[in-house]
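In the working numbering, the protein residues as written are 219 to 433. Working notes, structure below.
Right, dumping it as structure tokens:
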């Protein structure tokens with residue numbers, strides 16, 4: 219019964235992570251399109267094309283709405299993601315593949331400067347590798363094989379997004395408007411790629427987990 223409840227908890231966490239992740243994908247796509255529109259508007263202004271006050275206000279209103287929705291979506295996704303990641307290590311502990319220190323590290327290592335640049339990536343890889351080993355120990359073959367290249371691409375895209383966000387937020391005064399537009403487009407492009415690849419990773423994990431969980 220306890221194992222069945224654990225399976226249910228994991229299913230709920232995976233569902234919530236995928237649902238909020240889908241919202242994050244849509245939000246990131248909307249922000250990418252807005253940043254492209256913003257670039258076009260700035261280019262037109264430089265080319266002496268004029269916009270009415272109402273048009274500019276509407277454009278600014280759209281930006282405010284997207285950013286406010288984005289805060290809610292990305293906070294929700296982050297909470298669900300961290301809850302899933304921590305619980306995934308608790309599942310590993312039941313198979314004697316993790317301990318309380320690793321379970322704790324699965325949460326706080328994301329927030330420790332320098333260490334958060336590579337430790338969560340290593341923990342992510344360990345999570346997938348150990349679950350894959352458990353699958354083959356049960357003579358089961360997951361329908362989705364773990365792909366280190368997808369994990370690496372996801373991690374690289376995520377950090378490019380974070381770095382570009384940091385630059386555009388805290389060093390915007392050092393850039394021209396047109397440069398900020400380029401940064402914004404690149405930022406949301408890599409953000410979109412990162413969250414999109416997350417869907418592949420969570421599908422891999424769910425497939426691998428299903429081969430060795432207790433029914």
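Here a beta-carbon is modelled for each residue, glycine too, at the ideal position from N, C-alpha and C.
Taking the alpha-carbon positions, what's the residue i to residue j distance?
i	j	result
residue 236	residue 420	8 Å
residue 238	residue 297	10 Å
residue 373	residue 269	40 Å
residue 225	residue 291	26 Å
residue 433	residue 424	Any reading at residue 433 needs caution, since the residue's pLDDT is 41, under 50, leaving its predicted position unreliable; the model's value is listed next. Using only the alpha carbons, I get a separation of about 14 Å.
residue 301	residue 230	11 Å
residue 349	residue 313	9 Å
residue 276	residue 328	37 Å
residue 227	residue 333	29 Å
residue 330	residue 234	25 Å
residue 265	residue 278	20 Å
residue 262	residue 338	43 Å
residue 272	residue 347	55 Å
Quick one, which of the options has its alpha-carbon nearest residue i's?
i	options	result
residue 335	287, 375, 269	375
residue 369	293, 340, 331	340
residue 395	230, 251, 259, 250	259
residue 308	386, 321, 229, 326	321
residue 345	275, 278, 380, 305	305
residue 232	303, 311, 384	303
residue 428	351, 264, 401, 263	351
Taking 8 Å as the threshold (C-beta atoms), are residue j and residue i in contact?
i	j	result
residue 280	residue 410	no
residue 382	residue 412	no
residue 399	residue 257	yes
residue 422	residue 365	yes
residue 379	residue 408	yes
residue 426	residue 353	yes
residue 406	residue 253	yes
residue 248	residue 284	yes
Less than 8 Å between CB atoms is the rule here; does residue i satisfy it with respect to chain D?
i	result
residue 374	Although the question refers to chain D, the structure presented lacks it and comprises just one protein chain.
Do the stretch 226-243 and the stretch 406-419 meet, that is, are 3 or more Cβ pairs less than 8 Å apart? Because the criterion of three Cβ pairs below 8 Å is met, the stretch 226-243 and the stretch 406-419 touch.
Any 3 or more C-beta pairs closer than 8 Å across the stretch 306-320 and the stretch 383-396: No, they do not touch.
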